[in-house]
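Heads up: the sequence shown at position 58 corresponds to 58 in the numbering used here, and the numbers run straight through without jumps.
Yeah, the Cβ is synthetic: ideal placement off N, Cα and C, and Gly gets one too.
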Amino acid sequence: MTKIGGFGIVLLTGLLMVLPIAGMAAEVSGLYEAEVQVFSQKRSERATAMAAALAEVVVKVSGRRDAAELKGVVRSIRRPARFLQQYRYSALSAEQREQALQEAALNNVSRADPQIVLFHFDKAAVDKVLRDNGLPVWGATRPATLAWLAVQNEGKRYLLGADSPEPVRELLAREAQRRGLALLLPLMDLQDQQALPFADVWGNFREPIMQASLRYRTESVLVGRMYRTVSGEWQAQWTLLEGGQTQSWAAAGTLPVEVIDEGVSGAIRVLASRYAPVAGEQADLLPVTIIDVRTLRDYARVTRYLKSLQQVEHVQVTQVDADQITFELDVEGGPEAIAQTIALGHVLQRYQPPMMANGELLSWTKRNTQTYQLLP
């Protein structure tokens, strides 16, 4: 849990569904909503909580940790009601309520009635603020990230799995949801245990880690080594393996959530730099040809999908020929950015047109056109 100012408003989110299923990408839910723990339903406390929730949403949608600190964005966060669509209160679990009451007593909060309030903000309004301030708007389709985390604490050593009972799992899932990271944890079944022992993750040995990760088919792999020192401080080393590139960083803190937050934030920073285009950056018209579009249902499916892509501002049909359609897309981020986003989905796959004997492309293809095949 993250403390936000004052006498301790606690930001919460529903835990990310950390499922042990293979996939190339994920649809991240709840990008425009956030939950905050409050001590009452007073209007003043709700207003403070609303601002904290909007700040979390801004960070989550942009992929930028500093987004909520920019001058133009700060002005918007100070008036969060303009962005609010709805909110509702809900009860805490018995354990959460007991912890909240203890916190209220420590902060001299009288007549505390701790509960959760969920804020849902308007997507168009939030996106506009981000674009107006030159920030990325990162859509819900995001690369799935498999996390191998080796933990050592009080003489116990273990690899975190999808069903691990340790509190670290909940902390990792909570931080991933708070930052919009599509997180996957390994099954840690017999196959995983044989393929990747604790020592290999602890030593950050790339070859066995990548080999063991193949079964999950994720776009990126986050490797972490987390431990508590004799002085009580938590330390961690993190590495993100993505697209043939490697990024590493270290973290330290008095609480485990602090080093976990650094791990998640580092992964988001790297992924956002590749998949989240900044508004107005390399805006261009891109011709895209889709083959195997045989029915009106296929056409509707392709059109709906292209319009759903965050980088696409406008979609227009320019040519229809047999079972293929050419669209002109008004995109942000350039051709490679849109290609990377499409590669994350399960609707289209890149198609390499065959060449004639003289090395020329077939007549229906163009060199500056991206060509995709519609998947069943």
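For SER76 and ALA51, the gap between their C-alpha atoms comes out near 9 Å. Boundaries of the alpha helix (DSSP H) harbouring GLY263: 256-275, taken from the DSSP string. In this chain, the alpha helix (DSSP H) harbouring VAL74 covers 71-77. By the C-beta criterion, the region 128-141 is judged to be in contact with the region 60-70, since at least 3 inter-stretch pairs fall below 8 Å. Spatial neighbours of GLU175 in its own chain (CB-CB distance under 6 Å, excluding positions within 5 residues in sequence) are listed in chain order as ILE260, ASP261 and VAL264.
About 11 Å separates the beta carbon of PRO143 from that of LEU240, a gap too long to meet the 8 Å contact definition. Contact between the region 310-319 and the region 104-116 is absent: fewer than three C-beta pairs spanning the two stretches fall below 8 Å. Taking each of ALA68, ASN107 and TRP249 in turn and checking the Cα distance to GLU56, the smallest one comes out for ALA68.
One alpha carbon belongs to ARG46, the other to LEU70, and they sit about 23 Å apart.
In the DSSP annotation of this structure, the continuous segment of the alpha helix (DSSP H) that includes GLU336 starts and ends at 334-344. With contacts defined as CB atoms closer than 8 Å, GLU332 and PRO287 fail to qualify as a contacting pair. In the DSSP assignment, THR326 falls within the beta strand (DSSP E) that extends over 324-331.
The beta strand (DSSP E) runs lying completely inside the region 103-149 and spanning 3 residues or more are 115-121 and 141-143, given in chain order. Spatial neighbours of LEU306 in its own chain (CB-CB distance under 8 Å, excluding positions within 5 residues in sequence) are listed in chain order as VAL288, VAL312, VAL315, PHE327 and LEU329. When the five nearest sequence neighbours on each side are left out, the beta carbons in the same chain lying within less than 7 Å of the beta carbon of ALA26 are those of ARG142, ALA144 and ALA182, in order along the chain. Taking C-alpha positions only, VAL117 is separated from PHE39 by approximately 10 Å.
Where ASP292 is concerned, there is no enclosing beta strand (DSSP E), because DSSP gives it neither an H nor an E. Here PRO167 is exposed: its Cβ has fewer than 16 other Cβ atoms, across all protein chains shown, within 10 Å. Annotation note: the region 168-244 contains the following uninterrupted alpha helix (DSSP H) runs of length 4 or greater, listed N- to C-terminal: 190-195, 198-202 and 206-213. Straight-line spacing of the CA atoms in GLY334 and GLN340 works out to 10 Å.
The DSSP-derived three-state label of TYR351 is coil. Where ALA25 is concerned, there is no enclosing alpha helix (DSSP H), although the beta strand (DSSP E) around it starts and stops at 25-27.
In the structure shown, TYR372 adopts extended strand secondary structure according to DSSP, grouped into three states.
The bridge partners DSSP lists for THR246 are LEU241. For ALA147, the number of other beta carbons within 10 angstroms of its own is at least 16, and it is reported as buried.
The shortest CA-to-CA distance from ARG294 to any of GLY244, LEU285, ARG304 and LEU374 is the one to LEU374. By the 16-neighbour rule on beta-carbons within 10 angstroms, TYR32 is buried. Distance from the Cα of LEU84 is smallest, within the candidate group LEU106, VAL58 and GLN96, for VAL58. Take the alpha-carbon of LEU106 and the one of ALA49: they are about 20 Å apart.
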